[in-house]
Amino acid sequence: MFAVLATNFPKIRQATLNCQLDRGLGITITRPRKCCRTRENPTVTTSATELADRTIVLKKNHPSERSVWLGPIGRDARVDALRGFLLVLIMVNHLPRHPLHRFVSQVFGFVSVAEGFVFMSGLVTGMVYGRTLVKSGRTALRHRALRRARDLYLAHLCLYSFALLAGLWGGLSIAPRFSSLWTAWWHGATLIYQPNLFDILPMYCVFLLLVPFVVEQMARGRNVLVWLFSITLWLLAQWGIGGPAHNPSWLNLGFFNILAWQLLFVAGAYFGYRKATGQPSPVPASRLLFTFCLVVVIVLFTLRHQGVLLGRTSPLFNTEIMLQEWRSINHPFRLINFAAYAYILWYLPRSVDQRFHQLSLSRFLRYLGRHSLQVFVWSIFLSYVAFSFKQPWHSLSPVWQILFVLGSTLSLVLPAWVHEHWQRTAAVRNSIPRLSPTVAP
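Every number in this note's numbering is 54 more than the matching position in the sequence shown, counting from 1.
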């Protein structure tokens, strides 16, 4: 049976993609035809798991579409691997100071893990909710986005409540400005107070509430309107709007200016939606542009580490401002640095993915990426616990600190495994038919 499914998978996928649906929006979305073939040896017997991880090669001239390898059916393995990689960096970076910090804290230039994670979240959102709009319509899109925003909010509320209670028994106090536990709790529950470590999930909640509007406007062909609105908000943030200086004293939205960071999320959603609906990439695949991005990355990397690479005691630029204040508002300088890295990764041929796909490290990262919310929540929990024991942490030797960092990173598998087990149990439970109770004569 699996061999039949594997043989006919390209045809089944093609029939699904070449659909024309009208869901009350007055739009018709047509997926372009793609010639697909599977790289498989017919003499080799493969397991069901290997069939699920089948590599599909697309005969395209575009370098970004030379081959697309899929993880579990319906997922993009490159996206999962990148998300898993970013989750690992988040875990390592969010622990108290340790010897590995210098290798993960904005080491690639004036760009951090946060930019990549927000953009990738928008990319996945655009792909998932774009398909939902095409297949199930506007109502299903809104319901799904609301459910996801609810899940994120409940996860944030549980983490925040735990941290408040732990602070009463010697843990790190995250709300020292409030006189009572109740006041601190309702400020956090209404998202008007977002301390460090607890300002990411609320931002995603707001983004998801806006996803139906953004995706529907893209479906109507109003991409220019979406971009103009998003860029306008980003420009306001460059002038300080949305920052602590312009907010009232009772409003603390955390380190990230949401007006600035929404641009990365919207950009990711735009590219994800185009991919989900089969539209060609608006970005040209140019060797000249690829070379230009390489030059940008090298120059900014050199400026980032000018003290080591150039031997300068007096830096050309104030790197502290570029690494902190500019990061909060998603400064154009940092945005260019991120865009250059994004283009380089996008331009790389998928044959690189196929080689990386065979490594155990790739399977580990993809596994984390498939359960990103659960893994991220677990990482925030571990970070809070580690900062609650900050003094004992600093008394440890560097070797023990590194061992704790590695142990925390490996423990990210636990929430992923629990969530996967729960998903399988729920799927089995839902597949069992419910018998109606018999009525006694």
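Note that beta-carbon positions come from the ideal geometry of N, C-alpha and C, so glycine has one too. Because the structure is a prediction, the values reported are computed rather than measured.
Residue i, DSSP secondary structure in three states
i: residue 391; result: helix
i: residue 205; result: helix
i: residue 372; result: coil
i: residue 301; result: coil
i: residue 384; result: coil
i: residue 484; result: helix
i: residue 306; result: strand
i: residue 476; result: helix
Closest Cα partner of residue i within the set the options
i: residue 463; options: 138, 472 and 131; result: 138
i: residue 163; options: 206, 201, 392 and 235; result: 392
i: residue 259; options: 221, 454, 232 and 204; result: 204
i: residue 251; options: 354, 181, 410 and 442; result: 442
i: residue 449; options: 390, 150, 409 and 304; result: 150
i: residue 191; options: 266, 131, 148 and 254; result: 266
i: residue 402; options: 345, 331, 291 and 296; result: 345
i: residue 390; options: 220, 170, 215 and 419; result: 170
i: residue 210; options: 418, 303 and 240; result: 240
i: residue 395; options: 230, 161, 472 and 455; result: 161
i: residue 380; options: 470, 447 and 288; result: 288
i: residue 339; options: 217, 413, 400 and 153; result: 400
i: residue 237; options: 166, 215, 326 and 254; result: 215
i: residue 282; options: 321, 299, 273 and 255; result: 321
i: residue 351; options: 439, 444, 374 and 387; result: 387
i: residue 208; options: 414, 154, 244 and 415; result: 244
i: residue 166; options: 358, 447 and 453; result: 358
Residue i and residue j closer than 8 Å at C-beta
i: residue 342; j: residue 398; result: no
i: residue 383; j: residue 311; result: yes
i: residue 429; j: residue 436; result: no
i: residue 262; j: residue 199; result: yes
i: residue 424; j: residue 129; result: yes
i: residue 378; j: residue 307; result: no
i: residue 293; j: residue 257; result: no
i: residue 319; j: residue 176; result: yes
i: residue 296; j: residue 305; result: no
i: residue 420; j: residue 135; result: yes
i: residue 433; j: residue 466; result: yes
Where the alpha helix (DSSP H) through residue i begins and ends
i: residue 253; result: Unbroken run through residue 253: none, as it is neither H nor E.
i: residue 425; result: From DSSP, residue 425 is part of no alpha helix (DSSP H); its letter is neither H nor E.
i: residue 152; result: Here residue 152 belongs to no alpha helix (DSSP H), and DSSP marks it neither H nor E.
i: residue 243; result: 235-243
i: residue 413; result: Taken as a continuous stretch (DSSP letters only), residue 413 belongs to no alpha helix (DSSP H), as it is neither H nor E.
i: residue 324; result: 312-330
i: residue 446; result: 444-449
i: residue 132; result: 131-147
i: residue 456; result: 452-464
i: residue 281; result: 277-292
i: residue 353; result: 341-358
**Message:** Does the structure place the region 132-146 close enough to the region 215-225 that three or more beta carbon pairs sit under 8 Å?
**Reply:** no
**Item:** Three or more C-beta pairs below 8 Å linking the region 329-343 and the region 174-182
**Value:** yes
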